[in-house]
Amino acid sequence: MPESKTDSVRLTIDGIPVTVPKGTLVIEAARRVGVMIPHFCYHPKLKPDANCRMCLVEVEKMPKLQTSCSTVATEGMAVRTATTVVNDAHKSVLEFILANHPLDCPVCDQGGRCDLQDFSHQYTATASRFVETKRIFQKEYFSPLIETQMNRCVQCLRCVRYCDEVMDVKALAPAGRGTMTEIKTFGTHELDCEFCGGCVQICPVGAITSRLSMYEYRPWMLKRADTVCQFCGDGCQITVQTKDNELIEVNSEYGAGRNSGDLCARGFFGFRATGHPDRLTKPLIRRNGALVETTWEEALEYTAQQIARIKNAHGAQAFGGLISGRCTNEELYLFQKFMRLAIGTNNLDSSARYGHMNGVQAMRRVQGTHRWTLSFEEIVQADVLLLVGTNVTETNPITGLKVKEAVKKRQARLFTIESIRPAIGTISNITNLVDQHVCALPTQFGGAVLALLKAVVESRLVDQRLQHESPDYVGAVTQALERLSWPELEAATGAARDTFVQMATGLAQGRRVVVLAGQELLRSAGGYGSCLLLLDLLLLTGKLTEPGCGFAPLAEENNDQGAVESGAVAELLPGGLDLANPEARARIARAWKADLPLAAGATLVEMIDRARSGLVKGMLIVGENPVGSLPTVVGAKEALQRLEFLVCQELFLTETASLAHVVLPAASSLEKAGTFTNQEGHVQAVRPAVDPIGESRPDWEILSALSVLLGTPLEYGDAKELLKEIRGVIPGYGLLGPAPIPPKVDRAAVERYLAGDYRRALAARYTLAGPADAAGGTTHLGLFQSLFHSGKLSTRSKGLLQIEAQAALRINPADAARLALADGDRVRLSNRRGEVTTTVKVLERVPEGSAWFPDHFGQDTAKLFECAIDPDTNVPAFRTASVSIAKIS
Amino acid sequence: MTKLKAWFKTIIFYEILVGMKATLSHLLHYKPITLQYPHEKRALPDNYRGMLALLRYDDGTEKCVGCDLCEAACPSRVIRVVSAEVPGEPTKRYSKEYYMDMTRCLFCGMCVDACPVDALGMTREFEWAVYDKRQLHLNKEQLLAIGDRSFPVREKRLELQHPNVAFFNVSFGHVPQKPN
Chain A
1 MPESKTDSVR
11 LTIDGIPVTV
21 PKGTLVIEAA
31 RRVGVMIPHF
41 CYHPKLKPDA
51 NCRMCLVEVE
61 KMPKLQTSCS
71 TVATEGMAVR
81 TATTVVNDAH
91 KSVLEFILAN
101 HPLDCPVCDQ
111 GGRCDLQDFS
121 HQYTATASRF
131 VETKRIFQKE
141 YFSPLIETQM
151 NRCVQCLRCV
161 RYCDEVMDVK
171 ALAPAGRGTM
181 TEIKTFGTHE
191 LDCEFCGGCV
201 QICPVGAITS
211 RLSMYEYRPW
221 MLKRADTVCQ
231 FCGDGCQITV
241 QTKDNELIEV
251 NSEYGAGRNS
261 GDLCARGFFG
271 FRATGHPDRL
281 TKPLIRRNGA
291 LVETTWEEAL
301 EYTAQQIARI
311 KNAHGAQAFG
321 GLISGRCTNE
331 ELYLFQKFMR
341 LAIGTNNLDS
351 SARYGHMNGV
361 QAMRRVQGTH
371 RWTLSFEEIV
381 QADVLLLVGT
391 NVTETNPITG
401 LKVKEAVKKR
411 QARLFTIESI
421 RPAIGTISNI
431 TNLVDQHVCA
441 LPTQFGGAVL
451 ALLKAVVESR
461 LVDQRLQHES
471 PDYVGAVTQA
481 LERLSWPELE
491 AATGAARDTF
501 VQMATGLAQG
511 RRVVVLAGQE
521 LLRSAGGYGS
531 CLLLLDLLLL
541 TGKLTEPGCG
551 FAPLAEENND
561 QGAVESGAVA
571 ELLPGGLDLA
581 NPEARARIAR
591 AWKADLPLAA
601 GATLVEMIDR
611 ARSGLVKGML
621 IVGENPVGSL
631 PTVVGAKEAL
641 QRLEFLVCQE
651 LFLTETASLA
661 HVVLPAASSL
671 EKAGTFTNQE
681 GHVQAVRPAV
691 DPIGESRPDW
701 EILSALSVLL
711 GTPLEYGDAK
721 ELLKEIRGVI
731 PGYGLLGPAP
741 IPPKVDRAAV
751 ERYLAGDYRR
761 ALAARYTLAG
771 PADAAGGTTH
781 LGLFQSLFHS
791 GKLSTRSKGL
801 LQIEAQAALR
811 INPADAARLA
821 LADGDRVRLS
831 NRRGEVTTTV
841 KVLERVPEGS
851 AWFPDHFGQD
861 TAKLFECAID
871 PDTNVPAFRT
881 ASVSIAKIS
Chain B
890 MTKLKAWFKT
900 IIFYEILVGM
910 KATLSHLLHY
920 KPITLQYPHE
930 KRALPDNYRG
940 MLALLRYDDG
950 TEKCVGCDLC
960 EAACPSRVIR
970 VVSAEVPGEP
980 TKRYSKEYYM
990 DMTRCLFCGM
1000 CVDACPVDAL
1010 GMTREFEWAV
1020 YDKRQLHLNK
1030 EQLLAIGDRS
1040 FPVREKRLEL
1050 QHPNVAFFNV
1060 SFGHVPQKPN
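If you're matching them up, the sequences are chains A and B in order.
Everything in the first sequence is counted per this note's numbering, starting at 1 for the first residue and increasing by one.
Everything in the second sequence is counted per this note's numbering, starting at 890 for the first residue and increasing by one.
Given below as structure tokens:
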């Protein structure tokens, strides 16, 4: 809001006075007072282009009509939008457009929600004066997902501008002149881009439509449900459109949710996974060694019987539970309550353990919060951004858009420590926008942060107040850094000292510094230590407690943050309370009116080890797939096979579920109500778009039914009742919602850390990591997340499979030339642990000497990896290995 | 005088005589107006709205483009269209399935008005009494068959008409197909 008179201007629109901030466009000012000016090329996300000439208005004292989308409102302006002159202008613009626009509205998917249709109804006479033949473009190819019908194009170039300005992909361009302008891809190949669906959503007419649900619906048949995307931690709000209980399309409105209308390929095209024919529709029970269909009654009674039997015979500690971070908060909360009360053990874990816990524990230790102290707005407003191991375009695309907005629109300085080379490719590459870039291997991200810290200390950029108040801490860090030499650091990170000095200077000078830590850092060995180093960096430069600054670890699964906050990890109770803290335990026990089990719980890998040694006899696994996710060396399959009883709640018969004694069909997030917490800590509502498929039930209903059969009833009427209970148990939860205030850094925690807690394992984290893996190979193989997949769910999605159908090893062109490889060649990857054959895809952004493999498809590469367990957070790190690549002729 | 006249008419049952006169005249000049329906049929007016039908072009292709507008226009939810892309002809739309529940139809003709390609027609058929109501639930083949027998003269194919509508629902057969 404008604070003083000089910040705002007054003008009248059709006689209605309005006060708007300086710099507001006339079209936006008109919208404020409810005057709709017709437009095609204007969009609030894009820079004004004023090419469609549809938004012409009359401004007093201006001789000609003005385009309201590019005219800035000035003091005393008098705008008229509905005069005869203006209407005549609208009419003639529309007549020109309709001279070429085909009248195929009946077969156009946009028909019914088309801007051109609406404006034509409002402004034009029904008959056209043109008798000439309309233009016809020749089509060159059909994209499997994004269908272009250039005959319908009105040449507003919104798609081209969106693709460039917002997505930074630059896949589309206008070709030709005048009415023969055509939206094309560069080159003659098919459209090959991020497939974010942005052009489909932003097209005002039916020139660009989605091929996935083409012709299956008319807009007026659709029923909408505003829910939250099930793929990554960004927590985008999506509108799922359904027709007769059938998923038709997903879109997102401008201004809605955290993403404000932007989506990625997974969000836009990945929704059909839940309707896959492989979905489990009936409970399965193992009879004579095979899983056969059964009734819910039998499956639940048998499960309860077996759980009770194991509990009586071996005690509650013989039981373990795992849950996926893709379940709702309500389910995660009920799951941990079920494990702790109905079964009586703390042996429970969730997929937050795969990496997110590293970031959370580091934040808890240094700044005393279990969530971000920032939100997306702070990322957009930051003036210096440091990205470490994020691969943000592919893992968290919408966070990536916020970074792009900060850099492209607000001129923020971007520093990156990534294992990506800056290169122009079919998808956007965040390292193309950087100020300084360090291209290091994932194993050396810690080393790069160390070099940055060394540069901060050596360039005397340490915050004066910190130096004054905590000389011990600064001294200890300086001393630890002195033991590292620059040649060592430069050799490890592959970047020169000067780069680090420049980055350090930039960070110290920045007023709003945001550090993003991505999956590649969080899931690497020593990820916890590296997160602490990044927090040390913020502390040393004096940024940690500053407003607008902070540390933000990115979550891979959509509700990893919710899993931590609901207490679905062994060491934490709901609200991020420490299980070992008797006070916290007493508080939860009071809220639940029941005693909590005392023994510390086993985490993910510990549970699997205990299952192998026979200590854990039974397991309940909800939506998690340790057999498919963990490397072969952990031996999850053999361990789970030794269990006396394994029950899985699953959507599909995964590797883990096929070992189970009972499989209970669960409902997907499009079929149930609840809430998801995104990585920022926003609790957002999940609403059912379709009915549960077959006999599948939401996970919380299954857990609730089991608890009744076990004699410890945890009964709830619906998901809302559970949320109510969570709000009672976790103080401050009620305030969270669409726009919560992020927590502040806890000063007491920072002081505790500075007073001596920093000493714990200081030497270990201030040491350079050795050569990653001694498995005998020359190439560094890393598991990475593809933009088009997220896990087991996305590989059942028809749309995403059309973009990327199978796993391919990404290698650098130089490496490919050395090995005489081309796209599609078969190669053998081998190291001491085993060998795997796969196909090759040459990609320029892969650093030389590295190879990337997507971790979503067949898990035969799992045997190549070693698993390192973090001693502090028990996070298994298994995403890097060294291998040799050989061509198979 | 008038009173006298009225009295006279009353005593001679004048009204009955007038009525009997008409009866007797019809008795003598006998010409039945009842149509002997199954044997005789009435000439229907030109704008008669009878059974609905789907039509074809002169080359035998279906006119319907599967735009669902008839479904939207129908006030009593008679019509259900399942539209899709023509297999083998990318970006061309057609109705994969087309159903009419004629038990609900009130023959208002709004669907015919709504159709952008004149694929629907109202025939002059009205003899649709059936023993089983389910027989009035017609599918696309049945509706096309009604059209075939009621409209022997077919229109020329739309694509071959004015160039400005030339690419209305025209496929692009010469280019690659949608992968499955």
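Note that CB positions come from ideal geometry on N, CA and C, so glycine has one too.
None of the values given here were measured: they were computed from a predicted structure.
Run through DSSP, which three-state label would T880/A get?
Here residue 880/A is taken as the residue at index 880 of the first sequence, counted from 1. Looking at T880/A - three-state DSSP - the assignment turns out to be strand.
Residue closest to H661/A, alpha-carbon to alpha-carbon, out of T303/A, L706/A, S459/A and V513/A:
What you label residue 661/A is simply residue 661 of the first sequence in a count that begins at 1. The alpha carbon of H661/A has as its nearest neighbour, out of T303/A, L706/A, S459/A and V513/A, the alpha carbon of T303/A.
Does any C-beta atom of chain A lie closer than 8 Å to the C-beta of L958/B?
Taking the second sequence and counting its residues from 1, the one referred to as residue 958/B is at position 69. Yes, contact with chain A.
Which one of R590/A, L801/A, V360/A and T274/A has the shortest CA to CA distance from P553/A?
Residue 553/A sits at position 553 when you count from the first residue of the first sequence. P553/A has its Cα closest to that of V360/A, out of R590/A, L801/A, V360/A and T274/A.
Roughly how far, in whole angstroms, is the beta-carbon of A881/A from the beta-carbon of T838/A, given that I think they are within contact range, below 8 Å?
Taking the first residue of the first sequence as position 1, residue 881/A is located at position 881. Taking the first residue of the first sequence as position 1, residue 838/A is located at position 838. A881/A to T838/A, Cβ: 14 Å. No contact.
Taking 8 Å as the cut-off, does the stretch 529-546 of chain A touch the stretch 316-333 of chain A (at least 3 CB pairs, one atom from each stretch)?
With the rule of 3 Cβ pairs closer than 8 Å, the stretch 316-333 of chain A does not count as touching the stretch 529-546 of chain A.
Within 8 Å of any Cβ in chain B, is that where the Cβ of G650/A sits?
For this step, residue 650/A is matched to residue 650 along the first sequence. In the sequence as presented, Gly is not what sits at residue 650/A; that position holds Glu. No, E650/A lies away from the interface with chain B (no Cβ there is under 8 Å from its Cβ).
Rounded separation between R982/B and R727/A - CA only:
Against the second sequence, residue 982/B aligns to sequence position 93. Against the first sequence, residue 727/A aligns to sequence position 727. Cα to Cα, R982/B sits roughly 51 Å from R727/A.
For a contact meaning CB atoms closer than 9 Å, what does G1036/B contact in chain A?
Taking the first residue of the second sequence as 1, we reach residue 1036/B at position 147. Listed along chain A, no residue sits closer than 9 Å to G1036/B by beta-carbon distance, the nearest being about 19 Å off.
Tell me whether the beta-carbon of G618/A lies closer than 8 Å to the beta-carbon of I285/A.
For the purposes of this step, residue 618/A is identified with residue 618 of the first sequence, where counting begins at 1. For the purposes of this step, residue 285/A is identified with residue 285 of the first sequence, where counting begins at 1. Cβ atoms of G618/A and I285/A: not closer than 8 Å.
Use the C-beta contact count for F130/A: other C-beta atoms within 10 angstroms, 16 or more gives buried, fewer gives exposed.
Counted from its first residue, the first sequence places residue 130/A at position 130. Exposed is the call here.
Pick out whichever of G368/A, L94/A and D88/A has its Cα sitting closest to the Cα of L748/A.
Residue numbering aside, residue 748/A sits at position 748 when the first sequence is read from its first letter. Looking at the sequence provided, one finds Ala at residue 748/A rather than Leu. Nearest option by C-alpha distance: G368/A.
Does any residue of chain A bring its CB to less than 8 Å from the CB of V954/B?
Reading the second sequence from its first residue, position 65 is the one you call residue 954/B. Yes, V954/B counts as interfacial toward chain A.
Interface partners of W220/A on chain B, CB under 7 Å:
Position 220 of the first sequence, counted from the first residue, corresponds to residue 220/A. Listed by position along chain B, the residues whose Cβ is nearer than 7 Å to that of W220/A are A961.
Among T274/A, Y42/A and R258/A, the one whose alpha carbon lies nearest that of E650/A:
Here residue 650/A refers to the residue found at position 650 when the first sequence is read from its first residue. Scanning T274/A, Y42/A and R258/A for the CA closest to the CA of E650/A turns up T274/A.
Just grab the DSSP bridge partners of R224/A for me.
In the first sequence, residue 224/A corresponds to position 224, counting from 1. According to DSSP, R224/A bridges with Q241/A.
Is the Cβ-Cβ distance between L768/A and L450/A less than 8 Å?
Your numbering for residue 768/A matches position 768 in the first sequence. Your numbering for residue 450/A matches position 450 in the first sequence. For the pair L768/A and L450/A, the CB atoms are nearer than the 8 Å cut-off.
For the beta strand (DSSP E) that Q684/A lies in, which residues bound it at each end?
Counted from its first residue, the first sequence places residue 684/A at position 684. Per DSSP, the continuous beta strand (DSSP E) segment holding Q684/A begins and ends at V683 to V686.
Relative to the alpha-carbon of H918/B, which residue among L924/B, Q925/B and K910/B has its alpha-carbon at the smallest distance?
Taking the first residue of the second sequence as 1, we reach residue 918/B at position 29. For H918/B, the nearest C-alpha among the options comes from K910/B.
Could you give the distance in angstroms between the alpha-carbon of I183/A and the alpha-carbon of C199/A?
Here the question's residue 183/A lines up with position 183 in the first sequence. Here the question's residue 199/A lines up with position 199 in the first sequence. Going from the Cα of I183/A to the Cα of C199/A covers about 11 Å.
Distance CB(C52/A)-CB(V154/A) smaller than 8 Å
Translated into the one-based positions of the first sequence, residue 52/A becomes position 52. Translated into the one-based positions of the first sequence, residue 154/A becomes position 154. Contact check for C52/A against V154/A passes: the beta carbons are separated by less than 8 Å.
Which whole-angstrom value describes the C-beta separation of I420/A and A448/A, a residue pair presumed to lie in contact below a C-beta threshold of 8 Å?
Translated into positions along the first sequence, residue 420/A becomes position 420. Translated into positions along the first sequence, residue 448/A becomes position 448. In fact, because the Cβ distance is near 13 Å, the residues do not count as touching under 8 Å.
Could you round the C-beta distance between L522/A and N358/A to whole angstroms and report it? I think they count as a contact, below 8 Å.
Residue mapping note: residue 522/A aligns to position 522 of the first sequence, counting from 1. Residue mapping note: residue 358/A aligns to position 358 of the first sequence, counting from 1. The pair is a contact, with the Cβ atoms about 5 Å apart (cut-off 8 Å).
Taking the Cβ atom as the reference point for each residue, do L387/A and G529/A lie within a distance shorter than 8 Å?
In the first sequence, counting from the first residue as 1, residue 387/A sits at position 387. In the first sequence, counting from the first residue as 1, residue 529/A sits at position 529. Against a cut-off of 8 Å, the Cβ pair of G529/A and L387/A comes out as no contact.
Roughly how many whole angstroms lie between the Cα atoms of M1/A and V9/A?
If you number the first sequence from 1, residue 1/A lands on position 1. If you number the first sequence from 1, residue 9/A lands on position 9. Any reading at M1/A must be qualified, since the residue scores a pLDDT of 44, below 50, and its modelled position is unreliable; the value itself is stated next. Looking at the two C-alpha atoms, the distance is approximately 12 Å.
Less than 8 Å between the CB atoms is what I'm expecting for R969/A and L573/A, so what's the real figure, rounded?
Beyond the ends of chain A as shown, which are 1 and 889, falls residue 969/A; an answer cannot be given.
Contact with chain A by V907/B, beta-carbon distance below 8 Å
Locating residue 907/B in the second sequence gives position 18, counting from the first residue. Answer no: the Cβ-Cβ gap between V907/B and chain A never drops below 8 Å.
If I follow the unbroken alpha helix (DSSP H) through T395/A, where does it start and stop?
Residue mapping note: residue 395/A aligns to position 395 of the first sequence, counting from 1. Note, T395/A: alpha helix (DSSP H), V392 to T395.
Give the straight-line distance between the Cα atoms of E301/A and V622/A, rounded to the nearest whole angstrom.
Locating residue 301/A in the first sequence gives position 301, counting from the first residue. Locating residue 622/A in the first sequence gives position 622, counting from the first residue. Cα atoms of E301/A and V622/A: separation of roughly 18 Å, rounded to the nearest angstrom.
Shortest alpha-carbon distance to A636/A belongs to which of P626/A, L643/A, E644/A and F645/A?
Taking the first residue of the first sequence as position 1, residue 636/A is located at position 636. P626/A is the residue among P626/A, L643/A, E644/A and F645/A whose C-alpha sits nearest the C-alpha of A636/A.
Could you give the residue range of the alpha helix (DSSP H) that holds H780/A?
Within the first sequence, the letter at position 780 stands for residue 780/A. Careful: H780/A lies outside any alpha helix (DSSP H), inside the beta strand (DSSP E) at T779 to F784.
Taking Cβ-Cβ distances shorter than 7 Å, what residues in chain A pair up with E929/B?
Counted from its first residue, the second sequence places residue 929/B at position 40. Correct list: empty, because the minimum Cβ distance to chain A is about 43 Å.
In this structure, what does DSSP give as the bridge partners for D115/A?
To locate residue 115/A, count along the first sequence from 1; it is residue 115. D115/A pairs with nothing; no bridge assigned.
Distance cutoff 8 Å, beta carbons only. Does V647/A sit that close to anything in chain B?
Numbered from 1 along the first sequence, position 647 holds the residue referred to as residue 647/A. Output row for V647/A: interface = no.
Interface partners of S972/B on chain A, CB under 8 Å:
What you label residue 972/B is simply residue 83 of the second sequence in a count that begins at 1. Proximity of chain A to S972/B at the Cβ level (cut-off 8 Å) is accounted for by Y215 and E216, in chain order.
Who are the near neighbours of P688/A in its chain, counting only those whose CB is closer than 6 Å to its CB and skipping five residues on each side?
Locating residue 688/A in the first sequence gives position 688, where the first residue counts as 1. Exclusion of the five residues before and after P688/A leaves E671, K672 and A673 as the residues of its chain whose Cβ lies within less than 6 Å of its Cβ.
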